[in-house]
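K.L.:
Just so you know, the sequence shown maps onto residues 453 to 1000 in this note's numbering.
The C-beta atom is built at its ideal place from N, Cα and C for all residues, glycine as well.
What you are looking at is a predicted structure, and each value in this text was computed from that prediction instead of being measured.
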Amino acid sequence: MKRFFNTRETLVTDSLDGLLRSSMGQHLCRLDGYPDIRVVLRKERNPEHVAVISGGGAGHEPTHAGFVGAGMLDAAVCGSLFASPSVDAILAGILAVTGKAGCLLVIKSYTGDRLNFALAAEQARSMGYQVETVVVGDDIALPDNRFARGLAGTVLVHKVAGYAASQGEPLARVAERARSAAAQISSIGLSLTDCNAYDPAHTTRLTAEQAELGLGIHGEPGAQQITLAQADTLMGLAADTLAKALPAKNASGKHERYALLLNMLGSVPPIEMTLLLNAFAKTDLAKNTDLIIGPAPMMTALDMNGFSLTAVPLSAEILAALTAPVEPWAWPGAAPFAAPTVRPLPALPETFRFPPSASPKIEALIRHAAKTLIGNAEALNALDAQIGDGDAGSTFAEGAQEILKTVDRLPLANPQELFATFGAILARHAGGSSGVLLSIMFSAAGRSSDTWARALVEGLTTMQQHGGAKPGDRTMIDALHPAFTVLAAGGALAEVAQAARDGADATKRMTHANAGRASYVPDSKLANIPDPGAEAIARMFEALASMG
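1. I'd like to check one pair, Pro595 with Ala690: are the Cβ atoms closer than 9 Å?
2. Quick check: the stretch 602-612 against the stretch 703-718, are at least 3 beta-carbon pairs closer than 8 Å?
3. Look at Gly417 and Leu642 and say whether their C-beta atoms are less than 9 Å apart.
4. Measuring straight from C-alpha to C-alpha, what distance separates Leu945 and Glu724?
5. Measuring only the C-alpha atoms, how far is Ile559 from Asp646?
6. Please classify Ala573 as buried or exposed, where buried requires at least 16 neighbouring CB atoms within 10 angstroms.
7. In the DSSP assignment, the alpha helix (DSSP H) including Ala528 goes from what residue to what residue?
8. In the structure shown, what three-state DSSP assignment does Asn715 receive?
9. From Thr793, Ser811, Leu817, pick the residue whose C-alpha is nearest to that of Asn866; which is it?
10. Reducing DSSP to helix, strand and coil, say where His918 ends up.
11. Going by DSSP in three states, Asp651 sits in which element: helix, strand or coil?
12. Going by the CB atoms, is the gap between Arg473 and Arg482 shorter than 9 Å?
13. Where does Thr585 sit, in a helix, a strand or coil, going by DSSP?
14. For Pro765, write down the residues that DSSP places opposite it in a beta bridge.
15. Our contact map puts Ala753 next to Gly511 with C-beta atoms below 8 Å; I'd like the distance itself, whole angstroms only.
16. Grab me the residues of Gln838's own chain with a C-beta within less than 6 Å of its C-beta, minus the 5 sequence neighbours each way, in chain order.
17. So, for Thr959: in the same chain, excluding its five sequence neighbours on each side, which residues have a beta-carbon less than 6 Å away from its beta-carbon?
18. Buried or exposed, going by whether 16 or more other CB atoms sit within 10 Å of the CB of Ala802?
19. Helix or strand or just coil, what does DSSP make of Pro798?
20. Under 6 Å Cβ to Cβ from Gly545, same chain only, skipping five residues before and after it: list those, please.
21. Could you please give the first and the last residue of the uninterrupted alpha helix (DSSP H) stretch that includes Thr685?
22. Per DSSP, Asp591 forms a beta bridge with which residues?
23. Along the chain, where does the beta strand (DSSP E) that runs through Gln676 open and close?
24. On a CA-only basis, which of Ser719, Leu556, Trp781 is nearest Ala522? Give me that one, please.
25. Quick one: measure Cβ to Cβ for Glu708 and Pro765, integer angstroms, because I've assumed they're closer than 8 Å.
26. Mind checking whether Ile989 and Ala935 have CB atoms under 9 Å apart?
27. Of the choices Ala633, Pro537, Ala733, whose alpha-carbon is the least far from that of Ala773?
28. I'd like to confirm the pairing. Which residues does DSSP put opposite Gln662 in its beta bridges?
29. Report the start-end ranges of each alpha helix (DSSP H) in the stretch 482-567 that is 4 residues or longer and not cut off at the edges.
30. If we ignore side chains and look at the alpha-carbon of each, how far apart do Ala921 and Pro863 end up?
31. Taking buried to mean at least 16 other C-beta atoms within 10 Å of its own C-beta, is Pro722 buried or exposed?
32. Does DSSP classify Leu623 as helix, strand or coil?
33. For Pro863, list the residues DSSP reports as bridge partners.
34. Quick check: what's the CA-CA separation for Ile542 versus Thr679?
35. Name the DSSP beta bridge partners of Ile745, please?
36. Does the separation of the CB atoms of Ser760 and Leu603 fall below 9 Å?
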């Protein structure tokens, strides 16, 4: 297990002090009670307002301390990893921020939290403080469970209660709003993995082909194990399960409208979280969703690779509470849920500037070369992964696929026009440095007035001028340069292919790269591994030579 921590015992205190030192925690402070009392609170607050307090075990960051600030929590009481804080710690939090207006405790529905917060509330009441509580149990995965678990919906209760308190409403009204919201909030979680609570002997219960639906935030098993599938399928399953637990119509008989919170459970990359939101947009529940919160990490479970959905019916009160600006950094804001705004595409240079023309021989060569690059994509990606970012094969394959799609529109009988068209196609569709460099090469070759073979040499020279690489720098030029040199001298395809192969193989012996992605890789990692771009060029020419 690789983790950034010192000891399990100091994990929470080290993390909290890091938060307080950060730009995200400048409005916060803590009580002097380490290690037993870990309470984060606002440096400044209106003592005339109701205090809103929450807390629970660590490992769910940014919950709970990340939501302390104007408009949300006044204090967060932090326990050890996945463990409720002690009664004394909770009582200290109450005493630190509660004035005459009293306080509301927002409690996630787990046994330890319910008991410890309840006892602390009783002790505070016996000391003369006004204390109300709300227990949040928004999980819908286990409908027969007497006490539903508290999940990311707890954060929405923080927001509703914090908004009411910030408006100066009395304790009874703040508690009423919070309880009403908690009663309407529903959540479901889905994950591709469980989580590791800093256990060196941890073993996962899921295979590579399994996921879990309806799980909590402490690594407990989900309500059901499901088969791994595409993101749209998994999101559809989660959204449909959640929708079944929601009221279809409101008290007026109209179809209910919802706010949805998309929560990241721990280790899902941002690119996948926004993809998941787009997947949600394709579900039936999305048709009744007017407000979106996230995607963002709000109630996590350490390194769990999953997400949760939380829905609440939208009333005027809920809408006002969820859209009000707040101070805490962890609140991502709420926005109308709508289709992406799309503006007209500016006029771009015409890709197919020349009329199509036929050449069966050239067409056959193009098709064979393209299919070779596509067929070698995975092997070249694997090769690139050893010295780069693992996408070289995909880059060549994507360009080849675009050219295959448009073979019938190519000026096959005119080499310069064909080169220019290749350059335009790659400029629009190919990614990565290889794609743009090949686009430069073909575009320059298309402007040449020399023979088609010499035109390719001119194009390669232009590529080198822009890219900065030369033969011997361990790039695809090490295969292209000798191949084009032989081609310009009138060599047969077999000779061209051999020159490309020799050039690609030579990169295995080059233990230092002066250009390309490999130039960022330690020299010791390059030995006996050919440059992926040079290897792609060599394989393509070998395939062409095999046609005779």
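P.N.:
Short version:
1. Along the sequence shown, read from residue 1 onward, the residue named residue 690 stands at position 238. Along the sequence shown, read from residue 1 onward, the residue named residue 595 stands at position 143. No, the pair does not count as a contact, with Cβ atoms beyond the cut-off.
2. Verdict: yes, contact present.
3. No statement about residue 417 is possible, as the shown extent of the chain runs from 453 to 1000 and does not include it.
4. Your numbering for residue 945 matches position 493 in the sequence shown. Your numbering for residue 724 matches position 272 in the sequence shown. Their Cα atoms are separated by approximately 45 Å.
5. The sequence position of residue 559 within the sequence shown is 107, counting from 1. The sequence position of residue 646 within the sequence shown is 194, counting from 1. Taking the straight line from one Cα to the other gives about 24 Å.
6. In the sequence shown, counting from the first residue as 1, residue 573 sits at position 121. Buried: at least 16 other Cβ atoms inside 10 Å.
7. Numbered from 1 along the sequence shown, position 76 holds the residue referred to as residue 528. Ala528: not part of any alpha helix (DSSP H); member of the beta strand (DSSP E) spanning 527-533, first to last residue.
8. Walking along the sequence shown from the start, residue 715 turns up at place 263. The DSSP-derived three-state label of Asn715 is strand.
9. Taking the first residue of the sequence shown as 1, we reach residue 866 at position 414. It is Ser811.
10. Here residue 918 refers to the residue found at position 466 when the sequence shown is read from its first residue. When DSSP states are grouped into helix, strand and coil, His918 belongs to the helix group.
11. The residue given as residue 651 occupies position 199 in the sequence shown. Coil, per DSSP.
12. Counted from its first residue, the sequence shown places residue 482 at position 30. Counted from its first residue, the sequence shown places residue 473 at position 21. Between Arg482 and Arg473, the CB-CB gap reaches or exceeds 9 Å.
13. Numbered from its first residue, the sequence shown carries residue 585 at position 133. Three-state DSSP puts Thr585 in a strand.
14. As a working mapping, residue 765 is identified with position 313 in the sequence shown. According to DSSP, Pro765 bridges with Tyr710.
15. By one-based count along the sequence shown, residue 753 stands at place 301. By one-based count along the sequence shown, residue 511 stands at place 59. About 7 Å separates the CB atoms of Ala753 and Gly511; that is less than 8 Å, so the two are in contact.
16. Position 386 of the sequence shown, counted from the start, is the residue given in the question as residue 838. Excluding sequence neighbours, Gln838 sits near Ile981.
17. Position 507 of the sequence shown, counted from the first residue, corresponds to residue 959. For Thr959, the CB contacts under 6 Å within the same chain, skipping 5 residues up- and downstream, are Arg926, Asp930, Pro982, Asp983, Ala986 in chain order.
18. In the sequence shown, counting from the first residue as 1, residue 802 sits at position 350. The question names Ala, but residue 802 in the sequence shown is Glu. Residue environment for Glu802: exposed (fewer than 16 other C-beta atoms within 10 angstroms of its C-beta).
19. Counting from 1 along the sequence shown, the entry for residue 798 is found at position 346. The answer is coil: DSSP assigns Pro798 none of H, G, I, E or B.
20. Locating residue 545 in the sequence shown gives position 93, where the first residue counts as 1. Counting only Cβ-Cβ distances below 6 Å, and skipping sequence neighbours, we find Val491, Ile505, Ala527, Val529.
21. One-based indexing of the sequence shown puts residue 685 at position 233. Thr685 -> alpha helix (DSSP H) spans 683-696.
22. As a working note, residue 591 is residue 139 in the sequence shown. Residue pairing by DSSP places Asp591 opposite Ser639 in a beta bridge.
23. Taking the sequence shown and counting its residues from 1, the one referred to as residue 676 is at position 224. Residue range 676-679 is occupied by the beta strand (DSSP E) that includes Gln676.
24. Numbered from 1 along the sequence shown, position 70 holds the residue referred to as residue 522. Comparing Cα positions, the closest option is Trp781.
25. Start at 1 with the first residue of the sequence shown, and residue 708 comes out as number 256. Start at 1 with the first residue of the sequence shown, and residue 765 comes out as number 313. Contact between Glu708 and Pro765 holds, with the beta-carbon distance rounding to 5 Å and staying under 8 Å.
26. Numbered from 1 along the sequence shown, position 537 holds the residue referred to as residue 989. Numbered from 1 along the sequence shown, position 483 holds the residue referred to as residue 935. In this structure, Ala935 lies closer than 9 Å to Ile989 by Cβ.
27. Position 321 of the sequence shown holds residue 773. Taking only the C-alpha atoms, the option nearest Ala773 is Ala633.
28. The residue labelled residue 662 in the question sits at position 210 within the sequence shown. In the DSSP assignment, Gln662 forms a beta bridge with Thr679.
29. Taking only runs of at least 4 residues, the alpha helix (DSSP H) segments lying wholly in the stretch 482-567 are 539-549.
30. Working through the sequence shown from its first residue, we reach residue 921 at position 469. Working through the sequence shown from its first residue, we reach residue 863 at position 411. Approximately 30 Å between the Cα atoms of the pair.
31. Here residue 722 refers to the residue found at position 270 of the sequence shown. With fewer than 16 Cβ atoms within 10 Å of its Cβ, Pro722 is classed as exposed.
32. One-based indexing of the sequence shown puts residue 623 at position 171. If DSSP states are grouped into helix, strand and coil, Leu623 belongs with the helices.
33. For the purposes of this step, residue 863 is identified with residue 411 of the sequence shown, where counting begins at 1. According to DSSP, Pro863 bridges with Ser809.
34. As a first step, residue 542 must be located in the sequence shown, where it is residue number 90. As a first step, residue 679 must be located in the sequence shown, where it is residue number 227. In a straight line, the C-alpha of Ile542 is about 42 Å away from that of Thr679.
35. Taking the first residue of the sequence shown as position 1, residue 745 is located at position 293. Within the DSSP secondary-structure output, Ile745 pairs in a beta bridge with Leu713, Ala786.
36. Residue mapping note: residue 760 aligns to position 308 of the sequence shown, counting from 1. Residue mapping note: residue 603 aligns to position 151 of the sequence shown, counting from 1. It is a contact, given that the beta carbons lie within the stated cut-off.
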